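Residue numbering for the sequence shown is 432 to 619, as defined by this note's numbering. One structure is given here, and the rest of the page talks about it.
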Amino acid sequence: MSKISLSPGYSTFPMPAAVISVGTGDEANLITLAYVGKVCSKPPIIAISIQPIRHSYHIIEKLGEFVINYPTINQLREMDYCGTRSGRNVNKWKELNLTKEKASVVSVPLVKEFPWNMECKVVNRIELGTHVCYFGEVVAVHSDEEYVKNGSLDPDKFNFFAYISGIYIALNKGAIERHGFSLSKPLE
Ligand SMILES: Cc1cc2nc3c(=O)[nH]c(=O)nc-3n(C[C@H](O)[C@H](O)[C@H](O)COP(=O)(O)O)c2cc1C
Numbered sequence: 432m433s434k435i436s437l438s439p440g441y442s443t444f445p446m447p448a449a450v451i452s453v454g455t456g457d458e459a460n461l462i463t464l465a466y467v468g469k470v471c472s473k474p475p476i477i478a479i480s481i482q483p484i485r486h487s488y489h490i491i492e493k494l495g496e497f498v499i500n501y502p503t504i505n506q507l508r509e510m511d512y513c514g515t516r517s518g519r520n521v522n523k524w525k526e527l528n529l530t531k532e533k534a535s536v537v538s539v540p541l542v543k544e545f546p547w548n549m550e551c552k553v554v555n556r557i558e559l560g561t562h563v564c565y566f567g568e569v570v571a572v573h574s575d576e577e578y579v580k581n582g583s584l585d586p587d588k589f590n591f592f593a594y595i596s597g598i599y600i601a602l603n604k605g606a607i608e609r610h611g612f613s614l615s616k617p618l619e
C-alpha cells in the first residue's frame with residue numbers, strides 16, 4: 432500500500448493533556464499542556480513547552496517550578512477549561528472549584544482533585560521557536576491510593592486519556608501486554 436506524505440508539523444501520538452500548576456499564592460495558575468514528555472530517567476526529567484504569549488509563561492519564568500497534574504476522564508471538562516481560558520481573565524481554581532494542596536518539595540500547589548501529581552524543578556530552558564522548552568527534574572510524585580498496585584499505576588483502574596490531533600481519546604481499555612513480552616513469546 433502506498434503512503435501519503437503529511438506535514439512535518441504533525442505531533443507524536445498519543446500526547447498527554449495534563450494540567451500544569453505554576454506560581455504560588457494568588458498568582459498560582461493552571462494551564463493545559465500537550466507538549467509534555469519524559470526525556471531522562473536518571474535524573475528523572477520531564478520537558479514541557481509553553482508559548483511566551485501564555486499568562487503562565489511569565490509565572491514559570493519567575494519561579495522555575497511547576498507541577499504536572501493528571502485529570503481522569505471524568506475531569507475532562509476541567510482540563511479543557513484550563514486550556515481555553517487565560518489566568519489573566521479568570522481564576523481557574525475558583526471557577527472550577529479546584530483545591531490548592533501544599534506540595535512536599537516545591538512551592539507551587541498540587542491540584543488536590545486530580546489523582547496524579549508530579550512536582551518538578553526547572554533545571555534548564557531552551558528557546559526553540561514558537562515555544563520555550565523547560566526541563567523539569569521530578570522531585571516528588573503523588574497518586575491517589577486507588578490507582579496504585581505494587582508501586583505502579585494499576586492498569587485495571589486506569590481511567591486517564593490522551594490527546595491525538597485535537598481529539599481526547601480514552602485510554603481505559605486495560606493492559607494489552609507487559610514491557611518485554613516479545614522476549615518470551617517467539618515470532619510465529
Ligand atoms: C489539549 C490542549 C493542549 C495544549 N497544549 C499546549 C502546549 O503544549 N503549550 C502551550 O503553550 N499551550 C498549550 N495549550 C494552550 C493553553 O493551555 C491555553 O492557551 C491556555 O488558555 C493558557 O492559559 P494561561 O493564559 O492562563 O497561561 C493547550 C490547550 C489545550 C486545550
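For every residue, glycine included, the Cβ atom is placed at its ideal position computed from N, Cα and C. Fair warning: this is a prediction, and the values are worked out from it, not measured in the lab.
- Note that the C-beta distance between phenylalanine 566 and isoleucine 462 is not below 9 Å.
- Here the segment 567-583 lies against the segment 532-539, with 3 or more beta-carbon pairs under 8 Å apart.
- Looking only at Val450, Lys434, Lys580, His610, the smallest Cα-Cα distance to isoleucine 479 is reached by Val450.
- With a threshold of 16 other beta carbon atoms within 10 Å, tyrosine 594 meets it and is buried.
- Lysine 523: member of the alpha helix (DSSP H) spanning 523-526, first to last residue.
- Comparing alpha-carbon positions, the option among Cys471, Glu544, Phe497, Leu494 lying closest to leucine 507 turns out to be Glu544.
- In terms of side-chain proximity, the C-beta atom of glycine 518 is found nearer than 8 Å to a non-hydrogen atom of ligand 1.
- Judged by pairs of C-beta atoms under 8 Å, the segment 497-505 touches the segment 438-452, as three or more such pairs exist.
- Looking at the DSSP output, lysine 469 shares a beta bridge with Ile477.
- With a threshold of 8 Å, the Cβ atom of glutamine 482 counts as near ligand 1, since some heavy atom of the ligand is closer than that.
- Proximity of the beta carbon of leucine 614 to ligand 1 is not indicated: no heavy atom of the ligand is located closer than 8 Å.
- Methionine 549 has its Cβ no nearer than 8 Å to any heavy atom of ligand 1.
- Look at valine 467: its beta carbon is less than 8 Å from one of the heavy atoms in ligand 1.
- Taking all protein chains in view, the Cβ of proline 540 is crowded by 16 or more other Cβ atoms within 10 Å, so the residue is classified as buried.
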